[in-house]
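Participant: Below: one structure in structure tokens.
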Amino acid sequence: MRFLNSLELKKILEFPAPVNGQISEDLFTMTLRSVHQIVGEAKLGPGENDTREARRIKRPSRRSAGENIGWWDLGQGAYWITFNEKVEVPPDCVLVIQPHKRILGNGVWHPAIFIRDWDKEMDGVLLIVSARGVKVSEDAVISCCFVVRLD
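Have a look at this one:
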């Protein structure tokens, strides 16, 4: 088992804009694309017919006059977020997505996720915001990731 290095990572990552320090050695960061607030009640049962997802409301980012980037003011709660980046995970690898230290230090958290097939398994991450809330921008660094080759 070993981590993919920066040269290997560049071959499997898709960035929407030029990479600006997002890859270093065997790590890369992922940035925020969209935010959906989780509202209402979910239902989880033993089968498909017994399960209902909680409703999600897309939260638009807001731009102040003269700003080129939008911001979200997120209060305490649960949100479903998506990323700008895409990863083509090789068949003999696992992608690990974990919260970046910047969000952890500011009362925001998401679980670590292990992905084998991006297209089948990855449509977003549950983001938890603490009682104080957070103001977060479009393209903010949310996650730190690495890819492990399973030998």
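So the sequence shown is numbered by our numbering: it starts at 2 and just counts up by one. All residues carry an ideal CB built from backbone N, CA and C; glycine is no exception.
1) Does the contact criterion of 3 or more C-beta pairs under 8 Å hold for the stretch 134-148 versus the stretch 31-42?
2) What did DSSP end up calling Asp51 once you bin it into helix, strand or coil?
3) Ignore the nearest five residues each way along the sequence and tell me which others in Met123's own chain have a CB closer than 7 Å to its CB.
4) I need the DSSP call for Leu151, collapsed to helix, strand or coil.
5) Between Ala55, Ser25, Gly106, which has its C-alpha nearest Gln38's C-alpha?
6) Looking at Trp119 and Val1, is the spacing between their C-beta atoms short of 9 Å?
7) Along the chain, where does the alpha helix (DSSP H) containing Ile129 start, and where does it finish?
8) Kindly indicate which residue of Val97, Ala79, Pro100 has the alpha-carbon position closest to the one of Glu42.
Facilitator: According to the structure shown:
1) Three or more Cβ pairs drawn from the stretch 134-148 and the stretch 31-42 lie within less than 8 Å of each other, which places the two stretches in contact.
2) The residue you call residue 51 lines up with position 50 of the sequence shown. Here Asp51 sits in helix by DSSP.
3) Walking along the sequence shown from the start, residue 123 turns up at place 122. Excluding sequence neighbours, Met123 sits near Ile116.
4) Numbered from its first residue, the sequence shown carries residue 151 at position 150. Of the three classes helix, strand and coil, the one that applies to Leu151 here is coil, per DSSP.
5) Along the sequence shown, read from residue 1 onward, the residue named residue 38 stands at position 37. It is Ala55.
6) Residue 1 is absent from the structure shown; the chain starts at 2 and stops at 152.
7) Looking up residue 129 in the sequence shown gives position 128. It is not in any alpha helix (DSSP H) - Ile129 instead sits in the beta strand (DSSP E) that spans 126-130.
8) Here residue 42 refers to the residue found at position 41 of the sequence shown. Here the closest residue by C-alpha is Ala79.
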